[in-house]
Amino acid sequence: MSVFIDNATRLVVQGITGRDGSFHAKQMMEYGTQVVAGVTPGKGGQRFENAVPVFNTVAEAVAATKANTAVIYVPAAVAASAIFEAADAGIGLVICITEGIPVLDMTRVLPFVRERGARLIGPNCPGLISPAKSKVGIIPGNICKPGNVGVVSRSGTLTYEIVHQLSTHGLGQSTCIGIGGDPLIGTNFIDCLTAFQADAETDAIVMIGEIGGTDEQQAAEFAKREVKKPIVGFIAGQTAPPGRRMGHAGAIIAGSSGTAAEKMAAFEKAGISVMKRPADVVPLLKERM
Amino acid sequence: MNLHEYQAREILRRYGIPVPPGEVASTPAEARAIAERLGGKVVVKAQVHAGGRGKAGGVKLAKTAAEAETHAKAILGMTIKGLTVQKVLIAPAAEIASESYVGIIVDRTSQRPVLMVSPAGGIDIEEVAAKTPEKIHRRAVDPRYGLLSHQAMMLGFALYKDVKQARAAADIMQKLYAAVYGVGASLAEINPLVTTPDGAVQALDAKIAIDDNELERRPDIAALRDVSSEAPEEVAAREAGLTFIKLEGTVGCCVNGAGLAMATMDLVKYYGGEPANFLDIGGSSNPQKVVSALRIITSDPRVKVILFNIFGGITRGDDVANGIVQATREFTLKVPIVIRLTGTNEQLGVEILRKAGFSALTDMDDAVKQAVALLKGRAP
């Protein structure tokens with residue numbers, strides 16, 4: 001078992017003929033992901049890499065190929081529309097890699113996705129990988145190793161850094177999930193902790209957060225109550241200047257300022273081992289496992 | 290992107306919110322002419338992206354047009370929190386019966402726009418939240434239906450007992466909500482929302498921040514950007530497609546990805562250095578971006594060592610290496626450079642760097658330690 005994606009994942013790539021979409025579709029196919037369809041309006045009927053059928057719409061792709069997961073590489077201007085389309089076509093898991101979607105668009109996308117019973121991961125995320133089974137997104141496959149550590153992160157390259165540390169020290173991963181760095185995202189830390197707690201192949205969890213918002217603090221409280229597996233956490237941005245993105249009104253609404261110090265304290269209070277630097281992940285995990 | 294008060298007032302007017310008259314001036318003579326048109330007794334307000342303008346002496350009351358000119362002369366060119374005042378807003382000195390606060394932001398937890406109002410206006414809302422949190426009323430709005438009339442009225446009554454005033458405030462809130470979606474705002478505040486002695490409800494001061502992701506599809510809003518109000522390095526970085534924030538330290542950082550960039554800054558501090566900046570070269574980097582990044586980092590005289598931390602995913606090691614080599618052909622690097630390069634096309638990148646006389650490290654901790662050692666004059 002793994003989390004959210006596995007050997008049964010049948011993937012449709014939205015934007016498969018674009019620059020990023022085509023590059024990463026090939027990488028996913030090489031990794032062994034079942035890429036069953038692509039979508040680019042106006043290019044229906046073509047075949048990508050002489051293998052994957054391309055459709056004009058996601059609905060056609062689902063009808064013809066029984067795709068159950070969609071990954072989005074389209075430009076920011078049409079990315080919100082692509083999420084609507086995937087959820088409307090009955091796709092159960094939608095992963096949006098695209099960054100730059102306006103937050104106000106997401107206030108409309110998220111309720112729509114939930115009403116249709118779909119899960120969105122992202123936007124502005126690197127996607128996820130269950131090593132040796134399936135990869136959806138852009139996480140480099142060669143830095144991952146199959147194993148029993150679940151990784152969930154708000155960041156992209158920082159996730160690679162920490163996964164790389166794990167793999168080079170013999171700690172493989174069940175699934176690595178990048179949930180995205182935007183203020184409004186479809187899947188949060190609590191959703192991922194719930195999934196890892198239920199996953200028989202995951203024995204320990206690494207949580208990589210950053211400054212801003214209160215998702216990490218809420219996840220820490222949740223972890224204390226509900227998660228029985230050991231957790232090691234990191235917060236990026238201990239030296240970052242505060243208030244650059246949303247200003248203080250956001251902090252008031254959230255009831256907190258979302259600083260690294262506050263989040264690290266919340267982790268410690270919940271029994272999560274806190275890394276001071278990425279390289280601490282290995283000794284801390286070994287201590288807890 | 291932050292808008293100036295005068296720009297925010299213009300947007301509110303466009304959405305039908307009552308805003309007292311007022312015009313913007315960039316010279317003392319213009320200020321005087323506007324004050325004459327407005328009847329002499331005016332407020333002269335500095336237009337800068339900084340809070341606490343009043344405390345800094347950037348807001349002054351004038352009894353006559355001549356006094357308005359004198360105040361404008363003093364305020365124009367003054368520096369508030371490092372920003373030079375280029376424009377002043379001239380508005381009639383209003384008589385105020387009461388001051389309230391109305392704001393809208395997108396809340397991360399409820400994932401909805403939230404209306405926030407308080408009868409304690411005219412002061413920073415942070416201060417109200419800290420001292421009298423019970424005076425702040427909130428309402429999350431379902432974006433499918435917008436701010437409904439009865440919801441706006443409930444908030445209106447939280448501000449005013451008088452039904453006419455509550456209704457006027459509710460109308461302003463619905464219009465402000467429309468403005469948020471209309472211009473792509475991540476934050477819109479009216480502070481203070483005032484009542485005049487004759488009972489009218491008006492927006493006296495406004496603050497609007499635009500979500501940067503909205504600017505591409507809203508060229509009219511993007512045109513409101515005032516580059517003179519931003520740090521020159523940040524303007525140059527944005528034009529080069531980089532995210533850059535200037536800090537106070539001496540280690541110039543160049544990293545791919547925001548999370549890794551923050552973690553790198555943290556590690557610099559962990560090993561006893563101070564980061565000079567946050568700089569994210571983004572995902573699909575081309576060599577030119579790296580050249581621009583180096584140009585911006587080296588323009589800061591405080592930078593004593595440059596630290597690259599690249600974990601290639603979409604970013605390719607050879608692109609970064611080519612950028613570094615190209616930059617050294619275009620200008621001289623006066624400070625040492627430490628390069629950590631791993632991930633996609635690592636071997637290609639290392640080879641390009643080696644041929645140009647640079648070495649590269651593969652471990653992040655080693656690179657940061659070496660950068661800090663160079664800073665302190667120790668042999669790494």
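Those sequence lines, one after another, are chains A and B.
Quick note on my numbering: the first sequence kicks off at 1 and runs consecutively.
Quick note on my numbering: the second sequence kicks off at 290 and runs consecutively.
Glycine residues also receive a C-beta, built at the ideal position from the N, C-alpha and C atoms.
Note that the structure is predicted; figures quoted are calculated from it, not measured.
Test item: CB-CB of residue i and residue j under 7 Å
{"i": "Q615 (chain B)", "j": "V592 (chain B)", "result": "no"}
{"i": "V333 (chain B)", "j": "H360 (chain B)", "result": "yes"}
{"i": "D6 (chain A)", "j": "S134 (chain A)", "result": "yes"}
{"i": "P75 (chain A)", "j": "C96 (chain A)", "result": "no"}
{"i": "I162 (chain A)", "j": "P278 (chain A)", "result": "yes"}
{"i": "T175 (chain A)", "j": "G212 (chain A)", "result": "no"}
{"i": "P481 (chain B)", "j": "E416 (chain B)", "result": "no"}
{"i": "G445 (chain B)", "j": "A429 (chain B)", "result": "no"}
{"i": "R401 (chain B)", "j": "T107 (chain A)", "result": "yes"}
{"i": "A25 (chain A)", "j": "V13 (chain A)", "result": "yes"}
{"i": "G562 (chain B)", "j": "V661 (chain B)", "result": "yes"}
{"i": "P183 (chain A)", "j": "V103 (chain A)", "result": "yes"}
{"i": "I364 (chain B)", "j": "G347 (chain B)", "result": "yes"}
{"i": "A297 (chain B)", "j": "R321 (chain B)", "result": "no"}
{"i": "F567 (chain B)", "j": "I534 (chain B)", "result": "yes"}
Beta-carbon separation (whole angstroms), residue i vs residue j, contact threshold 8 Å
{"i": "L536 (chain B)", "j": "P564 (chain B)", "result": "5 Å"}
{"i": "P310 (chain B)", "j": "P422 (chain B)", "result": "So it is not a contact: roughly 35 Å between Cβ atoms."}
{"i": "I208 (chain A)", "j": "R154 (chain A)", "result": "7 Å"}
{"i": "L158 (chain A)", "j": "L549 (chain B)", "result": "4 Å"}
{"i": "P126 (chain A)", "j": "G137 (chain A)", "result": "5 Å"}
{"i": "C542 (chain B)", "j": "T553 (chain B)", "result": "5 Å"}
{"i": "L596 (chain B)", "j": "A656 (chain B)", "result": "6 Å"}
{"i": "A649 (chain B)", "j": "I626 (chain B)", "result": "In fact, because the Cβ distance is near 10 Å, the residues do not count as touching under 8 Å."}
{"i": "K376 (chain B)", "j": "S315 (chain B)", "result": "5 Å"}
Any chain A beta carbon closer than 7 Å to residue i
{"i": "Y401 (chain B)", "result": "The question names Tyr, but residue 401 (chain B) is Arg in the sequence shown. Yes, its Cβ sits closer than 7 Å to a Cβ of chain A."}
{"i": "E503 (chain B)", "result": "yes"}
{"i": "R397 (chain B)", "result": "yes"}
{"i": "P432 (chain B)", "result": "yes"}
{"i": "D569 (chain B)", "result": "no"}
{"i": "D500 (chain B)", "result": "yes"}
{"i": "P669 (chain B)", "result": "Low confidence applies to P669 (chain B): its pLDDT is 49, below 50, so where it sits in the model is not reliable, and the reading given next is rough at best. Not one chain A Cβ lies under 7 Å of P669 (chain B)."}
Residue-chain proximity (residue i, chain B), Cβ-Cβ < 7 Å
{"i": "T157 (chain A)", "result": "yes"}
{"i": "V103 (chain A)", "result": "yes"}
{"i": "N124 (chain A)", "result": "no"}
{"i": "A279 (chain A)", "result": "yes"}
{"i": "Q238 (chain A)", "result": "yes"}
{"i": "H248 (chain A)", "result": "Confidence at H248 (chain A) is low in this model, with a pLDDT of 44, below 50, so the placement of that residue should be treated as unreliable; the coordinate-derived value is given next. By this cut-off, H248 (chain A) is an interface position."}
{"i": "R296 (chain A)", "result": "Nothing in the structure corresponds to residue 296 (chain A), since chain A is present only between 1 and 289."}
{"i": "G21 (chain A)", "result": "no"}
{"i": "G213 (chain A)", "result": "yes"}
{"i": "G271 (chain A)", "result": "no"}
{"i": "G117 (chain A)", "result": "no"}
Simplified DSSP state of residue i, which is helix, strand or coil
{"i": "V274 (chain A)", "result": "strand"}
{"i": "A547 (chain B)", "result": "helix"}
{"i": "A537 (chain B)", "result": "Residue 537 (chain B) is actually Glu in this sequence, not Ala. If DSSP states are grouped into helix, strand and coil, E537 (chain B) belongs with coil."}
{"i": "Y434 (chain B)", "result": "coil"}
{"i": "G178 (chain A)", "result": "strand"}
{"i": "H338 (chain B)", "result": "coil"}
{"i": "H248 (chain A)", "result": "With a pLDDT of 44 at H248 (chain A), under the threshold of 50, the modelled position of this residue cannot be trusted; read the value that follows with caution. If DSSP states are grouped into helix, strand and coil, H248 (chain A) belongs with the helices."}
{"i": "E505 (chain B)", "result": "helix"}
{"i": "C96 (chain A)", "result": "strand"}
{"i": "A668 (chain B)", "result": "Model confidence at A668 (chain B) stands at a pLDDT of 49, short of 50, so the residue's coordinates are unreliable; what they give is reported in the following sentence. Looking at A668 (chain B) - three-state DSSP - the assignment turns out to be coil, as it is neither helix nor strand."}
{"i": "M367 (chain B)", "result": "coil"}
{"i": "M289 (chain A)", "result": "coil"}
{"i": "S475 (chain B)", "result": "strand"}
{"i": "N50 (chain A)", "result": "coil"}
{"i": "G137 (chain A)", "result": "strand"}
{"i": "F4 (chain A)", "result": "coil"}
{"i": "G638 (chain B)", "result": "helix"}
inquiry  = Short of 9 Å Cβ to Cβ, which residues in the region 451-473 of chain B face chain A?
reply    = Of all residues in the region 451-473 of chain B, only V469, Y470, G473 place a beta-carbon less than 9 Å from a beta-carbon of chain A.
task = Can you give me, in chain order, the residues of the region 583-614 of chain B that have a beta carbon less than 7 Å from any beta carbon in chain A?
result = Correct list: F600, G602, I603.
key: chain A contacts from the region 517-551 of chain B (Cβ-Cβ distance under 7 Å)   = Listed in sequence order: I534, L536, N545, G546, A547, G548, L549, M551.
task = Compile a chain-ordered list of the residues in the region 552-566 of chain B whose CB is closer than 7 Å to at least one CB of chain A.
result = So the close ones are A552, M554, D555, L556, K558, Y559, P564.
query = Going along the chain, which residues of the region 72-94 of chain A sit with their C-beta nearer than 8 Å to a C-beta in chain B?
reply = The residues in question are A76, A77.
query = For the region 133-159 of chain A, which residues have a CB atom closer than 8 Å to at least one CB atom of chain B, in sequence order?
reply = Close to chain B, meaning a Cβ-Cβ distance shorter than 8 Å, are the following residues of the region 133-159 of chain A: I138, I139, P140, I143, S153, R154, S155, G156, T157, L158, T159.
ask   = Relative to chain A, which residues along the region 630-656 of chain B have a C-beta separation below 9 Å, given in chain order?
value = Taking 9 Å as the Cβ-Cβ cut-off against chain A, the residues of the region 630-656 of chain B that qualify are T631, G632, T633, D652, M653, D654.
inquiry  = At a CB distance below 8 Å, what residues from the region 186-205 of chain A approach chain B? Give them in sequence order.
reply    = Cβ contacts with chain B come from no residue of the region 186-205 of chain A.
request  = Check each residue of the region 159-185 of chain A: if its Cβ is closer than 7 Å to any Cβ of chain B, include it; give the result in chain order.
outcome  = Taking 7 Å as the Cβ-Cβ cut-off against chain B, the residues of the region 159-185 of chain A that qualify are Y160, E161, G181, P183, L184.
key: Residues in the region 290-313 of chain B having any Cβ partner in chain A nearer than 9 Å   = Taking 9 Å as the Cβ-Cβ cut-off, the region 290-313 of chain B approaches chain A at N291, given in chain order.
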